[in-house]
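Okay, structure first, notes after.
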Amino acid sequence: MRAVIASGAGGPDVLSVAEVPDPIPAPGELVLDVAAAGLNRADLLQRQGFYPPPPGASDVIGMECSGTVRAVGEGVEGWAVGDHACALLAGGGYAAQVAVPAGQVMPVPDGVDLVTAAALPEVACTVWSNVFMVAGLQPGESLLVHGGAGGIGTMAIQLAHALGATVLTTGGTAEKLAACAALGADVTINYRDEDFVEVVKERTEGGADVILDNMGASYLSRNVAALATEGRLVIIGMQGGTKAELDINALLRKRGAVIATSLRARPTEEKAAICAAVVEHVWPLVAAGLVQPIVHGTMPLEEARAAHELMESGDHTGKILLTV
Numbered sequence: 001m002r003a004v005i006a007s008g009a010g011g012p013d014v015l016s017v018a019e020v021p022d023p024i025p026a027p028g029e030l031v032l033d034v035a036a037a038g039l040n041r042a043d044l045l046q047r048q049g050f051y052p053p054p055p056g057a058s059d060v061i062g063m064e065c066s067g068t069v070r071a072v073g074e075g076v077e078g079w080a081v082g083d084h085a086c087a088l089l090a091g092g093g094y095a096a097q098v099a100v101p102a103g104q105v106m107p108v109p110d111g112v113d114l115v116t117a118a119a120l121p122e123v124a125c126t127v128w129s130n131v132f133m134v135a136g137l138q139p140g141e142s143l144l145v146h147g148g149a150g151g152i153g154t155m156a157i158q159l160a161h162a163l164g165a166t167v168l169t170t171g172g173t174a175e176k177l178a179a180c181a182a183l184g185a186d187v188t189i190n191y192r193d194e195d196f197v198e199v200v201k202e203r204t205e206g207g208a209d210v211i212l213d214n215m216g217a218s219y220l221s222r223n224v225a226a227l228a229t230e231g232r233l234v235i236i237g238m239q240g241g242t243k244a245e246l247d248i249n250a251l252l253r254k255r256g257a258v259i260a261t262s263l264r265a266r267p268t269e270e271k272a273a274i275c276a277a278v279v280e281h282v283w284p285l286v287a288a289g290l291v292q293p294i295v296h297g298t299m300p301l302e303e304a305r306a307a308h309e310l311m312e313s314g315d316h317t318g319k320i321l322l323t324v
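For what it's worth, full-length UniProt numbering labels the leading residue of the sequence shown as 1, then goes sequentially.
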């Protein structure tokens with residue numbers, strides 16, 4: 001089968017398409033004929049050599065895909081050859097076929113075409129697990145989303161809005177902030193010329209109840225300052241570095257929580273539970289048109305280099321997909 005491989009750690013130029021062996025389903029797995037694969041920020045880190053796949057996972061980049069069931073492994077129930085599906089992957093998405101544990105395979109939501117469905121698994125599972133399962137965002141509370149125009153951000157804005165929260169988001173251009181407002185953001189903040197801490201405090205009752213952060217170290221102190229009493233800061237990325245000083249006194253005064261989570265390296269059983277929760281809680285909202293996958297554009301598998309360059313530039317809103 002065709003798959004995107006990396007000749008080593010480096011820039012987008014290390015990526016190329018090659019022929020590799022077809023996957024064979026182990027017990028409890030399915031093999032999908034991939035229709036499309038979604039790009040994620042973690043893909044760039046893996047290409048650069050900073051985020052290797054978990055033990056036993058494919059070395060091929062790609063953490064989500066959509067496609068058609070090609071083969072069903074021993075012990076798998078509820079799936080048949082030819083079924084349409086989308087899947088959360090530990091790796092292997094940038095390929096014509098991929099093997100995946102059955103618990104991480106989800107039906108395509110009603111009203112979503114097969115290619116577009118590749119934009120859903122990673123963002124839906126990340127947002128639902130972190131914002132709702134871990135941080136426990138409730139109707140009437142406030143959510144601050146950093147980088148609202150990205151794949152994670154566009155999903156977080158829509159889900160929080162649909163479930164009755166007040167949504168604030170940061171972005172770097174007027175166009176991106178307008179897109180966030182159209183998705184349901186109540187307050188948009190241009191981080192280039194506004195202090196998000198001041199805006200959050202002005203527009204909420206003392207701070208955000210939940211903050212979803214992809215920046216990490218560079219935003220830590222300001223995120224704590226922007227938290228409401230009993231607020232929850234959930235860190236899911238390290239674009240702004242990995243080490244920072246935490247003012248524990250400031251956190252104690254707010255009775256706040258700082259939580260750092262990742263999805264990719266979790267045990268299969270945990271990922272299956274998250275996928276099941278997404279199918280139960282998120283897919284009905286997608287089917288009803290209250291939440292939609294936001295796709296910036298699609299590119300063929302052979303243009304993986306250009307797709308990575310586009311993601312690194314930041315000149316996109318929503319998801320970038322590779323089609324097979």
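In this text, a Cβ means the ideal position worked out from N, Cα and C, and glycines have one as well.
Taking residue i as part of the beta strand (DSSP E), name the residues at either end of that continuous run.
{"i": "V197", "result": "Per DSSP, V197 belongs to no beta strand (DSSP E); it is in the alpha helix (DSSP H), 196-203."}
{"i": "A70", "result": "Inspection of the sequence shows that residue 70 is occupied by Arg rather than by Ala. From DSSP, the beta strand (DSSP E) with R70 extends over 64-72."}
{"i": "M299", "result": "295-300"}
{"i": "G38", "result": "29-38"}
{"i": "I259", "result": "257-260"}
{"i": "K319", "result": "319-323"}
Buried or exposed: which applies to residue i, given that a residue is buried once 16 or more other Cβ atoms fall within 10 Å of its Cβ?
{"i": "S129", "result": "buried"}
{"i": "T229", "result": "exposed"}
{"i": "S142", "result": "buried"}
{"i": "I248", "result": "exposed"}
{"i": "V81", "result": "exposed"}
{"i": "I294", "result": "buried"}
{"i": "P53", "result": "buried"}
{"i": "A174", "result": "exposed"}
{"i": "P267", "result": "exposed"}
{"i": "I24", "result": "exposed"}
{"i": "R255", "result": "exposed"}
{"i": "F196", "result": "buried"}
Rounded to the nearest angstrom, what separates residue i and residue j at their Cα positions?
{"i": "V123", "j": "M155", "result": "6 Å"}
{"i": "G289", "j": "V72", "result": "31 Å"}
{"i": "V224", "j": "V145", "result": "14 Å"}
{"i": "H308", "j": "H84", "result": "27 Å"}
{"i": "G75", "j": "A102", "result": "10 Å"}
{"i": "A6", "j": "M311", "result": "17 Å"}
{"i": "G297", "j": "H316", "result": "9 Å"}
{"i": "A260", "j": "T170", "result": "20 Å"}
{"i": "Q158", "j": "A244", "result": "30 Å"}
{"i": "A9", "j": "Q239", "result": "18 Å"}
{"i": "residue 325", "j": "G153", "result": "Beyond the ends of the chain as shown, which are 1 and 324, falls residue 325; an answer cannot be given."}
{"i": "A277", "j": "V115", "result": "22 Å"}
{"i": "G241", "j": "E194", "result": "21 Å"}
{"i": "D59", "j": "A273", "result": "24 Å"}
{"i": "E198", "j": "R222", "result": "10 Å"}
Run through the DSSP bridge pairs and tell me what residue i is partnered with.
{"i": "R2", "result": "E19"}
{"i": "N190", "result": "G171"}
{"i": "V105", "result": "A87"}
{"i": "S142", "result": "T166"}
{"i": "A185", "result": "Beta-bridge pairing links A185 to no other residue."}
{"i": "Q48", "result": "DSSP, once it has assigned bridges, lists no residue as partnering Q48."}
{"i": "A208", "result": "L227"}
{"i": "V100", "result": "L30"}
{"i": "A95", "result": "A3"}
{"i": "D213", "result": "I235"}
At which residues does the alpha helix (DSSP H) containing residue i begin and terminate?
{"i": "T229", "result": "It is not in any alpha helix (DSSP H) - T229 instead sits in the beta strand (DSSP E) that spans 227-235."}
{"i": "T126", "result": "121-127"}
{"i": "I274", "result": "268-281"}
{"i": "A265", "result": "Counting along the chain, A265 falls outside any alpha helix (DSSP H), and DSSP gives it neither H nor E."}
{"i": "L252", "result": "248-254"}
{"i": "L310", "result": "304-313"}
Please go through the same chain and pick out, in chain order, the residues whose beta-carbon is closer than 7 Å to the beta-carbon of residue i, but skip the five residues on each side of it.
{"i": "A304", "result": "V4, L15, Y94, L322"}
{"i": "V134", "result": "V234, I259, T261"}
{"i": "D22", "result": "M1, Q97"}
{"i": "A287", "result": "P109, D110, G111"}
If you drop the 5 nearest sequence neighbours on each side, which residues of the same chain put their C-beta closer than 8 Å to that of residue i?
{"i": "K201", "result": "G207, A226"}
{"i": "T204", "result": "S142, T166, L168, A228"}
Ordered along the chain, which non-local residues of its own chain (more than five positions away) have a Cβ less than 6 Å from that of residue i?
{"i": "G164", "result": "P139"}
{"i": "A160", "result": "L143, V167"}
Please confirm whether residue i has its beta-carbon closer than 9 Å to some beta-carbon of chain D.
{"i": "V81", "result": "Absent here is chain D; the protein component of the structure consists of one chain."}
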